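Start counting the sequence shown at -10; every next residue gets the next number (this note's numbering).
Please read the structure below before turning to the comments.
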Amino acid sequence: MNEAAPQSSATQPFRVAIIGGGITGLATAQRLKKLSPKIDVTIFEASRRLGGIIRTEEADGLLMELGPDSFITNKPGGIQLCEEIGYSDKLIPTDARFRRSLVLSNGRPQPVPDGFMLMAPAKPWAILSTPVLSFTGKLRLLWEYFKGRPASSAADESLASFVRRRFGTETLDRLVQPLVGGIYTSDPEKLSLRATMPRFLDMEAKYGSVIRGTLAEAKSSARSPGGGSSGDASSGSGARYGLFAAPEKGLGDLIHALEAWLRQHSGIHFAMGSGIQSVERCHEHGKWVVKTAEGQKAFDAAVITLGTHTAASLLPASDAASLRKLLTSIEYASSAIVVSGHRLSDFQHPMDAFGLVVPAIERRRILAVSFSSRKFLHRAPDGQIVLRTFIGGAMQPELMAMDDDAMVAAVNEELTSIFGMKSEPMFAEVVRYNHSMPQYHVGHLDRVAAIEQTLRNFPGLYLAGSAYHGVGIPDSIASGWTAAEQIAKQAAA
Ligand SMILES: Cc1cc2nc3c(=O)[nH]c(=O)nc-3n(C[C@H](O)[C@H](O)[C@H](O)COP(=O)(O)OP(=O)(O)OC[C@H]3O[C@@H](n4cnc5c(N)ncnc54)[C@H](O)[C@@H]3O)c2cc1C
């Protein structure tokens, strides 16, 4: 495909290269086709499979999510994409029978206090009876109601600093760190509150208390049907279990549906097994030249949907030095999931929840266990359960050095100790995600603003994915849509 020479716009359609065939790349293509059906789109995917981190497998009546397992519905990305491709009727809600979470406390799984949403107790009285906090820890948490605003507030603050000053160290260590760690796999001392859960900073500023703000918002959302979503990650996570949805047949089925939708449209090309080696601007004709092992091709616009370090490595060191430097300033963490199938009768614990989060101070080798087939129906036959146990993350990177057998053995030991597992799983599979979790450290919003500012010097080049404005599937979709909208404007200009 050696075709770097400029094409006459009178004879050629506007051509776009999308680099990466994960959900971001596919959503970018979908929005482009919706906005400008005549735009010619090529999706370059390094592997032979679409979906990227999203991967679903089925075997012996078990449905296993090897990456994400659901998405939040109070952000438009996921739900709206499903509506636009005619897929909404394939989505199922979480199973109401098991809508609660557990947290490990002194070696024992205990319920997360009723109504506790990441850091905000929507039912303060439920705090009084939890065995997870000491008496003084409870008083310190509830005192937040009376604490008031700080004399001066910083533009950004780490999660740990905020929770420590508002609710005390025990609430941070025993509840907030493990609950937030389950989403971001991050070090709370570094995680930016402004970039991940601005709602809590805003509550402090508006109500002088997170508890007051939570109670006020709960009241107003009770008055307005379907109301109460504020759009940030915190607004639907934690205890609002009903806000998550998943395709009945797993997220891999959504990827198949999206691919099928795209293939119904003309001017969509899938270049599978095409790892991009470089993306360079041709100063002569202003196009973007995308290079693979097979050759190169020129495009009017290129969207890179990869992690920021890989994106930087594709750009020319000379021309894009400052952009490369900014992109590599975003750190990533690695994690692994051990997906395992069990007989329910093999556990002494009833496993009657959506999962368990593990505080770092418990000093275990696992971050969290998701009870996959308790969260959603149709994941396992009666009497069986699929678990997804998370390992590593920013807090325990050294555990990623374990080989697969050691990882499975470590998980088995932890499941035995925590849930009274009586025999080995029916199967266990390790899936590794190296440098796949962008870390939204304090100052993240400034870093992203600087990236976006610098990107203006590269007309026709776009960046999308989970590194910029939210880590979840709906955020990734939204970032692809934003890129598509900008490209459609460029094409129309
Ligand atoms: C373990 C884990 C669990 C998660 N769980 C959830 C969850 O439950 N809910 C949720 O909302 N979000 C979850 N997320 C986040 C969610 O998975 C991401 O937001 C989303 O999948 C990112 O998609 P993407 O397309 O941007 O990236 P990716 O899925 O990483 O896709 C990038 C694609 O680019 C390809 N590629 C790489 N290099 C090249 C190259 N040089 N040339 C061409 N192609 C290339 C890759 O093969 C890949 O297919 C989770 C993330 C992880 C890591």
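Think of the CB as a built atom: it goes at the ideal place given N, C-alpha and C, for glycine as much as any other residue.
Since the model is a prediction, treat every value here as computed from it, not as a measurement.
**Message:** Is it buried or exposed, threonine 125, if we count other Cβ atoms within 10 angstroms and call 16 or more buried?
**Reply:** The count along the sequence shown starts at 1 and reaches residue 125 at position 136. Burial call: exposed.
**Request:** Please indicate yes or no: does the CB of proline 236 lie closer than 7 Å to some heavy atom of ligand 1?
**Result:** In the sequence shown, the residue the question calls residue 236 occupies position 247. Incorrect: proline 236 has no Cβ contact closer than 7 Å to ligand 1.
**Asked** My guess is that threonine 17 and glycine 469 are in contact by the Cβ rule of under 8 Å, so how many angstroms apart are they, rounded?
**Response** Counted from its first residue, the sequence shown places residue 17 at position 28. Counted from its first residue, the sequence shown places residue 469 at position 480. 4 Å between Cβ atoms; contact.
**Asked** Per DSSP, which one or two residues make a beta bridge with phenylalanine 288?
**Response** Position 299 of the sequence shown, counted from the start, is the residue given in the question as residue 288. Paired residues: Trp277.
**Request:** Rounded to whole angstroms, what's the CA-CA distance from glycine 14 to isoleucine 8? Just pull it up for me.
**Result:** What you label residue 14 is simply residue 25 of the sequence shown in a count that begins at 1. What you label residue 8 is simply residue 19 of the sequence shown in a count that begins at 1. Straight-line Cα distance between these residues: approximately 7 Å.
**Item:** Spatial distance of glycine 104 from serine 90 (CA atoms)
**Value:** For the purposes of this step, residue 104 is identified with residue 115 of the sequence shown, where counting begins at 1. For the purposes of this step, residue 90 is identified with residue 101 of the sequence shown, where counting begins at 1. Their backbone Cα atoms lie some 11 Å apart in a straight line.
**Residues bridged to glutamine 493 [DSSP beta-bridge criterion]** = A question about residue 493 goes unanswered here, because the residues of the chain that appear run from -10 up to 482.
**Message:** With three or more C-beta pairs closer than 8 Å as the rule, is the stretch 338 to 356 touching the stretch 165 to 174?
**Reply:** yes
**Asked** Alpha carbon to alpha carbon, how far is lysine 22 from arginine 183?
**Response** As a position in the sequence shown, residue 22 is number 33, starting the count at 1. As a position in the sequence shown, residue 183 is number 194, starting the count at 1. Taking the straight line joining both Cα atoms gives about 34 Å.
**Asked** Can you tell me where the beta strand (DSSP E) with methionine 261 in it begins and where it stops?
**Response** Here residue 261 refers to the residue found at position 272 when the sequence shown is read from its first residue. 257 to 261 is the extent of the beta strand (DSSP E) around methionine 261.
**Asked** CB of proline 370 to nearest heavy atom of ligand 1: below 7 Å?
**Response** Working through the sequence shown from its first residue, we reach residue 370 at position 381. Not so, every heavy atom of ligand 1 lies at least 7 Å from the Cβ.
**Prompt:** Over what stretch of residues does the alpha helix (DSSP H) that includes glutamine 166 continue unbroken?
**Reply:** Within the sequence shown, residue 166 is the residue found at index 177, counting from 1. Its alpha helix (DSSP H) spans residues 166 to 173.
**Asked** Taking the Cβ atom as the reference point for each residue, do threonine 447 and alanine 309 lie within a distance shorter than 8 Å?
**Response** Mapped onto the sequence shown, residue 447 falls at position 458. Mapped onto the sequence shown, residue 309 falls at position 320. This sequence places phenylalanine at residue 447; threonine is not what is there. In contact: phenylalanine 447 and alanine 309 (Cβ atoms closer than 8 Å).
**Prompt:** Relative to ligand 1, is the shortest distance from any of its heavy atoms to the C-beta of valine 152 smaller than 7 Å?
**Reply:** By one-based count along the sequence shown, residue 152 stands at place 163. Result no, Cβ not under 7 Å from ligand 1.
**Request:** Could you tell me if the beta carbon of proline 57 falls within a distance shorter than 7 Å of some heavy atom in ligand 1?
**Result:** Position 68 of the sequence shown, counted from the start, is the residue given in the question as residue 57. Yes, since a heavy atom of ligand 1 falls inside the 7 Å radius drawn around the Cβ of proline 57.
**Asked** Taking Cβ positions, are glycine 11 and isoleucine 43 nearer each other than 8 Å?
**Response** By one-based count along the sequence shown, residue 11 stands at place 22. By one-based count along the sequence shown, residue 43 stands at place 54. Contact: yes.
**Message:** Using only CA atoms, which one of Gly449, Met396 and Asp176 lies nearest to alanine 383?
**Reply:** Start at 1 with the first residue of the sequence shown, and residue 383 comes out as number 394. Closest option to alanine 383, Cα to Cα, is Asp176.
**Message:** Can you check which of these residues, Gly262, Lys127 and Val419, is closest to threonine 281 by C-alpha distance?
**Reply:** Taking the sequence shown and counting its residues from 1, one reaches residue 281 at position 292. Checking every option, the nearest Cα to that of threonine 281 belongs to Gly262.
**Request:** Could you work out which residue in Ile28, Pro139 and Thr185 is closest to histidine 458 when comparing CA atoms only?
**Result:** Position 469 of the sequence shown, counted from the first residue, corresponds to residue 458. Closest option to histidine 458, Cα to Cα, is Thr185.
**Asked** When every heavy atom of ligand 1 is checked, does at least one fall within less than 7 Å of the C-beta of valine 460?
**Response** The sequence position of residue 460 within the sequence shown is 471, counting from 1. Answer for valine 460: yes, Cβ within range of ligand 1.
**Message:** Alpha carbons only, please: which of Gly381, Phe259 and Asp371 is nearest the one belonging to leucine 39?
**Reply:** Here residue 39 refers to the residue found at position 50 of the sequence shown. If we check each option's Cα against that of leucine 39, Phe259 comes out closest.
**Message:** My output table needs one value for tryptophan 132: the three-state DSSP class, helix, strand or coil.
**Reply:** Your numbering for residue 132 matches position 143 in the sequence shown. Coil.
**Message:** Measuring straight from C-alpha to C-alpha, what distance separates glycine 56 and proline 463?
**Reply:** Working through the sequence shown from its first residue, we reach residue 56 at position 67. Working through the sequence shown from its first residue, we reach residue 463 at position 474. C-alpha separation (whole angstroms): 15 Å.
**Prompt:** Is the number of C-beta pairs between the stretch 70 to 79 and the stretch 238 to 251 that are closer than 8 Å three or more?
**Reply:** yes
**Message:** I'd like the span of the beta strand (DSSP E) that includes proline 98, first residue to last.
**Reply:** For this step, residue 98 is matched to residue 109 along the sequence shown. Per DSSP, proline 98 belongs to the beta strand (DSSP E) from 97 to 100.
**Prompt:** Can we count threonine 13 as close to ligand 1, meaning its CB is less than 7 Å from some heavy atom?
**Reply:** As a first step, residue 13 is located in the sequence shown; it is residue number 24 there, counting from the start. Within the cutoff, so yes.
**Asked** What's the gap between the Cα of glutamate 54 and the Cα of threonine 45?
**Response** Here the question's residue 54 lines up with position 65 in the sequence shown. Here the question's residue 45 lines up with position 56 in the sequence shown. Each residue's alpha carbon lies about 5 Å from the other.
**Own chain partners of arginine 20 with C-beta closer than 6 Å, once the 5 adjacent residues on each side are dropped** = Reading the sequence shown from its first residue, position 31 is the one you call residue 20. Closer than 6 Å at Cβ, skipping near neighbours: Trp470 and Ala473.
**Asked** Where do the N-terminal and C-terminal ends of the alpha helix (DSSP H) with proline 339 fall, by residue?
**Response** Reading the sequence shown from its first residue, position 350 is the one you call residue 339. No alpha helix (DSSP H) holds proline 339; DSSP gives it neither H nor E.
**Request:** Give a single yes or no on whether alanine 35 has its beta carbon closer than 7 Å to a heavy atom of ligand 1.
**Result:** The count along the sequence shown starts at 1 and reaches residue 35 at position 46. Yes.
**Asked** What separation, rounded to the nearest whole angstrom, lies between the Cα atoms of threonine 158 and valine 358?
**Response** In the sequence shown, the residue the question calls residue 158 occupies position 169. In the sequence shown, the residue the question calls residue 358 occupies position 369. Those two C-alpha atoms are separated by around 24 Å.
**Asked** Helix, strand or coil: how does DSSP classify valine 199 here?
**Response** By one-based count along the sequence shown, residue 199 stands at place 210. Helix.
**Request:** Can you have a look at histidine 433 and say buried or exposed, based on whether 16 or more other CB atoms are within 10 angstroms of its CB?
**Result:** Residue mapping note: residue 433 aligns to position 444 of the sequence shown, counting from 1. So histidine 433 counts as buried.
**Request:** Report yes if the C-beta of serine 263 is less than 7 Å from at least one heavy atom of ligand 1; otherwise report no.
**Result:** As a first step, residue 263 must be located in the sequence shown, where it is residue number 274. Flag set: Cβ of serine 263 near ligand 1.
**Prompt:** Taking buried to mean at least 16 other C-beta atoms within 10 Å of its own C-beta, is valine 431 buried or exposed?
**Reply:** Here residue 431 corresponds to residue number 442 of the sequence shown, with the count starting at 1. Valine 431 comes out buried.
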